[in-house]
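J.:
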Amino acid sequence: MFSKTITDLLKCQICLETLTDPRLLPCGHNFCARCILQLRQWHPSRRNCGNSFSVRCPNNCDLYLMTEGAIEKLPKNFSLGPIIDAINEVGICVTHDDVMGFIDLNSGKLFCLGCVSAQAYTSSSNIVSLDMADGILKGKLAEKMDRSDVMVKQLQSKKMTLSELVSAVDVHQRATKKEFDELFVQIQIALDIKRRQYFQALENKTKLFEVYRRIEEMSSVSQRLCGSIRRSTEVLNVQHSRNAWAQKVSFIKQLNTLQLDLERDVKVAESLIIEDTSQWKSSNDLVLDNSHLRTIRNLQEALLQLSDEKQPRNERQLSDDKQPRSEKQLSDDKQPRNEKELSDESIIASIGYEVYIE
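Residues in the sequence shown are numbered consecutively from 198, following the working numbering.
(1) Grab the span of the beta strand (DSSP E) containing residue 219 for me, first residue to last.
(2) Quick one, which of 388, 279, 228 has its alpha-carbon nearest residue 256's?
(3) Would a check of beta-carbon distances place residue 349 closer than 8 Å to chain D?
(4) Go to residue 314, then tell me how far its beta strand (DSSP E) extends in each direction, as first and last residue.
(5) So, at 6 Å on beta carbons, what are the nonlocal neighbours of residue 210 in its own chain, with the 5 sequence-adjacent residues on each side left out?
(6) In the DSSP output, what is residue 299 paired with across the bridge?
(7) Check for me: the alpha helix (DSSP H) holding residue 277 runs from which residue to which?
(8) Three or more C-beta pairs closer than 8 Å, one from the stretch 263–282 and one from the stretch 216–223: is that the case here?
(9) Could you spell out where the beta strand (DSSP E) holding residue 260 opens and where it closes?
(10) Report yes if the C-beta distance between residue 300 and residue 207 is below 8 Å; otherwise report no.
(11) According to DSSP, what are the bridge partners of residue 229?
(12) Kindly confirm or deny that the stretch 306–317 and the stretch 287–296 touch, where touching means at least three C-beta pairs closer than 8 Å.
(13) Can you give me the Cβ contacts of residue 326 inside the same chain, cut-off strictly under 7 Å, excluding the 5 residues immediately before and after it?
(14) What's the call for residue 295, buried or exposed, on a 16-neighbour Cβ count within 10 Å?
(15) Between residue 212 and residue 232, how many whole angstroms is the CB-CB distance? I'm expecting something under 8 Å.
(16) Which of the three DSSP states is assigned to residue 252 in this structure?
(17) Quick one: what does DSSP say residue 270 is sitting in, helix, strand or coil?
(18) Give the straight-line distance between the Cα atoms of residue 338 and residue 303, rounded to the nearest whole angstrom.
(19) For my contact list, residue 284 and residue 215 are in at a C-beta cut-off of 8 Å; report their separation, rounded to the angstrom.
(20) Exposed or buried, residue 330, counting other C-beta atoms within 10 Å across all chains shown (16 or more means buried)?
(21) Hey, out of 412, 236, 421, 252, whose CA is closest to residue 461's CA?
(22) For residue 345 and residue 358, what's the separation of their Cα atoms in angstroms?
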């Protein structure tokens, strides 16, 4: 076989292995460099002189006188070098001792020509020569390279799109944060305003409740005062003695002081009511109660009654008081008074004491 001949040509006839560092002897035969050094031991020269020795080619060629340095200087066979390297790369079939020059593209297993001839093809096998496999694989590699280039371009395009999207998200995030900060500041301002309004309203309501309490107290005082005035008027109208009139004058003097105090309280209440009403009407939080307005009117009526009590009586009553009383009246004054008169005086005294306390 031609391939067998090539294998034989690539073997060293000394070590019977593939040539390693092939060197040419003067006769033109190829041997390994280390095998040539071993020839001096197998074929020693009888005419050795110094470091020189003779070497005989195994192919019955002439003897050659040389040294170890001369063996290193033997020319290399550069034509066999690439062939040997290729054979060493693909390997030698152990069964057929031939170069494995075929490959199964599906499994990647190498075959020699003998293996290809002896082995039956299967449905999954795709055996081709190394040269053909080289072309096929290069075509597939070029196709994959083209596809990889397309994928790289697509990835770069997607990367740019993603970068733009990330930039847009960053811009939107910064804008959203800015809007949130502004909204938070506005909310804080609104909360501060509402809080101040609430505390102001609470303070105004507290003041207004205090005014209402004072009005209620003055209303009860005015009602008791009006009742005392009515009772004292009724009692004093039936009494015509000087003692009764003196009690009435003393009572009216006390009413003068009470009137001044009551007028001052009424003015303060009216001013507070007007001020608080104007403030609360603007905020739509105040609903006026008619009872407080009636309280103010009761206080004003009490002032009018006090003013009437302080007015001097008419001339007829004054003249009656100045005229001398008759004997019957004097005797009536001297006579002991009945239980009704005593009770009337006690009522007057109690009225004066009550007003004084209030």
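Even glycine gets a Cβ: it sits at the ideal position worked out from N, Cα and C.
T.: Looking at the coordinates:
(1) Walking along the sequence shown from the start, residue 219 turns up at place 22. That run of the beta strand (DSSP E) goes 219–221.
(2) For the purposes of this step, residue 256 is taken as the residue at position 59 of the sequence shown. Nearest of 388, 279, 228 to residue 256, Cα basis: 228.
(3) Of the protein chains in the structure, only one exists, and it is not chain D.
(4) As a first step, residue 314 is located in the sequence shown; it is residue number 117 there, counting from the start. Boundaries around residue 314 are those of the alpha helix (DSSP H), 310–315, since no beta strand (DSSP E) includes it.
(5) To locate residue 210, count along the sequence shown from 1; it is residue 13. For residue 210, same chain residues with a beta-carbon under 6 Å away, outside a window of 5 residues either side, are 255 in chain order.
(6) Translated into the one-based positions of the sequence shown, residue 299 becomes position 102. Under DSSP, residue 299 shares a beta bridge with 308, 326.
(7) Locating residue 277 in the sequence shown gives position 80, counting from the first residue. Residues 277–287.
(8) Yes: the two stretches touch, three or more of their Cβ pairs being nearer than 8 Å.
(9) As a first step, residue 260 is located in the sequence shown; it is residue number 63 there, counting from the start. Its beta strand (DSSP E) spans residues 260–263.
(10) To locate residue 300, count along the sequence shown from 1; it is residue 103. To locate residue 207, count along the sequence shown from 1; it is residue 10. At least 8 Å separates the beta-carbon of residue 300 from that of residue 207.
(11) On the sequence shown, position 32 is the one that residue 229 refers to. According to DSSP, residue 229 bridges with 219.
(12) Segments in contact, yes.
(13) In the sequence shown, the residue the question calls residue 326 occupies position 129. By the criterion of a C-beta distance shorter than 7 Å, residue 326 is surrounded in its chain by 298, 299, once the five residues flanking it on both sides are discounted.
(14) Locating residue 295 in the sequence shown gives position 98, where the first residue counts as 1. Buried, by the Cβ-count rule.
(15) Position 15 of the sequence shown, counted from the first residue, corresponds to residue 212. Position 35 of the sequence shown, counted from the first residue, corresponds to residue 232. Indeed, because the Cβ distance is near 5 Å, the residues count as touching under 8 Å.
(16) Counted from its first residue, the sequence shown places residue 252 at position 55. Residue state, collapsed to three classes: strand.
(17) Locating residue 270 in the sequence shown gives position 73, counting from the first residue. Correct three-state label for residue 270: coil.
(18) One-based indexing of the sequence shown puts residue 338 at position 141. One-based indexing of the sequence shown puts residue 303 at position 106. Distance from the CA atom of residue 338 to the CA atom of residue 303, rounded to whole angstroms, is 15 Å.
(19) For the purposes of this step, residue 284 is identified with residue 87 of the sequence shown, where counting begins at 1. For the purposes of this step, residue 215 is identified with residue 18 of the sequence shown, where counting begins at 1. Taking 8 Å as the upper bound for CB-CB distance, residue 284 and residue 215 are in contact here, some 7 Å apart.
(20) Position 133 of the sequence shown, counted from the start, is the residue given in the question as residue 330. Buried is the call here.
(21) Position 264 of the sequence shown holds residue 461. Ranked by Cα distance from residue 461, the first of 412, 236, 421, 252 is 412.
(22) One-based indexing of the sequence shown puts residue 345 at position 148. One-based indexing of the sequence shown puts residue 358 at position 161. Our two residues, residue 345 and residue 358, have alpha carbons roughly 19 Å apart in a direct line.
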